[in-house]
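Asks: Sharing a structure with you now.
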Amino acid sequence: MTAETFTLVDGDHVSAVPASVIEALVAAGDRPLAIDRDEGVAYLGETALVRATRLASLEAPDFSLPDLDGRVHSLSRYRGQKVLLVAYASW
Amino acid sequence: MWQALHEELRDYGFTVITVALDKSADDARPWIEAARPSHPSLIDTGHVVADLFNIVNVPTILWIDERSRIVRPNDVAFGTDTFKHITGLASAKSLAAVRAWVRGEAAAFTAEEIRALQSLPTADDQQARAEFALGDWLFRHGRAEAAARHFVRAGELAPHDFTIRRGTMPMRGLDPMGPEFRTMLAEWTAAGRPYYRPLPDTRG
């Protein structure tokens, strides 16, 4: 069963699109697209070229994430300080 | 873990920022509350930072300078020696290196050296991240079975990415410290591949 309308998720942006848009994105073969035809949802990711180019420039990519209180912090807010960025997990 | 370092060096214009790659704030909460941090302790359920910085396992650290430039790329460092008997990685070297950097006592890597130490993402890595993100969206919308299919597919595309292969186990109802993880780890290391990949000067 393939859905006729898809929910297309692009980062925080969510839209409803006809299946033809999904097929066009597949055909374009540019940004990575993960598709669940049964559920009618697709996620559009970022290319390796964009990610790799940014990392190789040595300019830290900016991001905004919440703390436990829901307060959002952006990396760019800490410009002017040296930052030790630590990614960890409970797993 | 890093709170002591953060406090020790705060007069040098330094801050720690921790990012939890967990499936919920609740999973990260015990760690954060135990640390009682005075530094930003962020929650990244969507693995945004893993995507942006090509992070494939935890713990991963980076040094970013005052001009927002990466001066030490992805490295493995533990804030304590609690896991040293398992990982073989002691915290002292990493902590000493951070202190020397922050206090301006150490020569920085050149841009060329940093780039030589970077691991850049491939098309498969990014397709894996899209599959992970789709699985994550489905999981959050109550479609756990559908989500699991995409988590598995993501792990097939990027078998070295343990933020996916191990990080999604809790969303698949698997214990990330349990038998499925141990099997995965055994298969990985049996082929001569290290689970942790510290930078050459971090290795003891």
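Chains A and B, in that order, give the protein sequences.
Using this note's numbering, the first residue of the first sequence is number 1, and each one after it goes up by one.
Using this note's numbering, the first residue of the second sequence is number 92, and each one after it goes up by one.
We treat Cβ as the ideally placed atom computed from N, Cα and C, and that holds for glycine.
The structure presented is a predicted model; accordingly, all values stated were derived computationally and were not measured.
1. Which complete alpha helix (DSSP H) runs does the region 199-269 of chain B hold, if anything under 4 residues is left out?
2. For Thr5 of chain A and chain B, any beta-carbon pair shorter than 8 angstroms?
3. Relative to the C-alpha of Arg71 of chain A, which residue among B:Asn148, B:Val140, B:Leu153 and B:Pro131 is closest?
4. If we ignore side chains and look at the alpha-carbon of each, how far apart do Leu248 of chain B and Glu196 of chain B end up?
5. Under the three-state reduction of DSSP, which class applies to Arg163 of chain B: helix, strand or coil?
6. Could you check which residue in B:Ala191, B:Ala214 and B:Glu98 has the C-alpha nearest to that of Val107 of chain B?
7. Taking only the alpha-carbon atoms, compute the straight-line gap between Ala245 of chain B and Gly45 of chain A and give it to the nearest angstrom.
8. Find out if the Cβ-Cβ distance for the pair Leu229 of chain B, Asp36 of chain A is shorter than 8 angstroms.
9. I'd like to know if the region 254-271 of chain B and the region 63-78 of chain A are in contact, where contact means that at least 3 CB-CB pairs between them fall below 8 angstroms.
10. Any idea if Arg273 of chain B is buried or exposed, counting beta-carbon neighbours within 10 angstroms, 16 or more meaning buried?
11. Using beta carbons (cut-off 8 angstroms, strictly below), is Gly264 of chain B in contact with chain A?
12. At the 8 angstroms Cβ level, is Gln94 of chain B part of the contact set with chain A, yes or no?
13. Can you pull the chain A neighbours of Phe105 of chain B, defined as C-beta to C-beta under 9 angstroms?
14. Helix, strand or coil for Pro18 of chain A per DSSP?
Replies: Let me spell this out:
1. DSSP runs (the alpha helix (DSSP H)) wholly in the region 199-269 of chain B: 202-208, 214-231, 235-248 and 253-256.
2. With 8 angstroms as the cut-off, Thr5 of chain A does not count as an interface residue toward chain B.
3. Of the listed residues, the one whose Cα sits closest to Arg71 of chain A is B:Pro131.
4. Taking C-alpha positions only, Leu248 of chain B is separated from Glu196 of chain B by approximately 42 angstroms.
5. If DSSP states are grouped into helix, strand and coil, Arg163 of chain B belongs with the strands.
6. Distance check between Val107 of chain B and each of B:Ala191, B:Ala214 and B:Glu98 places B:Glu98 closest, using alpha-carbon atoms only.
7. Straight-line Cα distance between these residues: approximately 13 angstroms.
8. Contact check for Leu229 of chain B against Asp36 of chain A passes: the beta carbons are separated by less than 8 angstroms.
9. At 8 angstroms Cβ cutoff, the stretches do not touch.
10. Arg273 of chain B is exposed by the Cβ-count criterion.
11. False, the Cβ-Cβ gap to chain A never drops below 8 angstroms.
12. No, Gln94 of chain B does not count as interfacial toward chain A.
13. Under the 9 angstroms cutoff, chain A gives Gln81, Lys82, Val83 and Leu84.
14. It is a strand residue.
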